[in-house]
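FYI, the numbering used here numbers position 18 of the sequence shown as 18, with every residue one higher than the one before it.
Inspection log for the structure reproduced underneath, given as structure tokens.
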Amino acid sequence: MSDAFRRDLAARFGSALHFFESIGSTQREALAAATGGAPEGSLFVAEQQTAGRGRHGHIWISPPGAGIYASLLLRPRRPVNKLLWLTLAAGLAVAGAVQQVCGVEAEIRWPNDLLLEGKKFCGLLIESDRGAAALGFGINTSPAALPPELSEIATFLPCDRSELCIAVVDSLLQRYAAWNAGDDEAIREEFERRSGYARGLAVTVDAAWSGVTEGLDGDGFLRVRTPDGSIRTVVSGNVRPASATAN
């Protein structure tokens, strides 16, 4: 199966593809390659990650052949403080590719997760270093990706890995070009329209406080109206539906 996956990606991406049977982290590999002068658009894909990375230092479990584990090397023209908009655009990109290839409408959870029936199957991560950025995505495509302890919060999307990976990368590159052009308002409008988490959802934040989402602010952060009527801005945190944490 890995041979077919590698072959399909090589046919589409040619010399831009760097494929590994097993690696610590595609993110780490992409950023290391950037310091060596690797060109923008280089794609790093692994059949297995032994130290896959997620947001806030979390580990992304990446067993062999059970998902898509990849990172795109980018060289953004915009400042680092605009990368959140790229994260939001990337979520829209992956959701569009999933709809196109798998016929499934995924939920987008601010800022960087995709869900099916409330369970996470895809995570996105952007890390930057010295003018380069690695845009990583992990998509569970097999139940083998899910250890028992995550069965309540994670799931998988059964889909052809080659088709989905190609569609995701193509969509990400299109969204990246639009983001580089500075169209943050269009990203905000589409994200608020597409994500059920953006407006009108009762949520808890970091299991510590609660409120109702009120859209995104001018930097892409999530606005939440608290019970006393004040607006709090979520810069970084775990946002969950209040119903999911009530018990």
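Note that the Cβ used here is the ideal one computed from N, Cα and C, for glycine as well.
If you're wondering where the values come from, they're calculated on a predicted model, not measured in any experiment.
If you drop the 5 nearest sequence neighbours on each side, which residues of the same chain put their C-beta closer than 8 Å to that of D217? R223, T233
From A154 to S195, what does the alpha carbon distance come to, in whole angstroms? 18 Å
At the level of alpha carbons, what is the spacing between D8 and D184? 33 Å
Verify the contact flag: A202, CB atom, against every heavy atom of the ligand SAH, threshold strictly below 7 Å. Absence of the ligand SAH is noted for the structure shown, with no ligands found whatsoever.
So for W110, helix, strand or coil by DSSP? coil
Can you tell me whether D228 is buried or exposed, with buried defined as 16 or more other CB within 10 angstroms of its CB? exposed
Name the two residues that bound the continuous alpha helix (DSSP H) containing S195. From DSSP, S195 is part of no alpha helix (DSSP H); its letter is neither H nor E.
Nearest neighbour of A167, chosen from D3, F13, A4 [CA to CA]: F13
Expected contact under 8 Å - CB spacing of F221 and V235 to nearest Å: 5 Å
Within 8 Å of any Cβ in chain E, is that where the Cβ of N180 sits? Looking at the structure shown, chain E is missing, and only one protein chain is on hand.
Between which two residues does the alpha helix (DSSP H) holding A95 run? 83-102
Could you compute how far the alpha carbon of P63 sits from the alpha carbon of A51? 11 Å
Could you tell me how far apart the beta carbons of L172 and S71 are, in whole angstroms, since I believe they sit closer than 8 Å? The Cβ separation is near 11 Å, so there is no contact.
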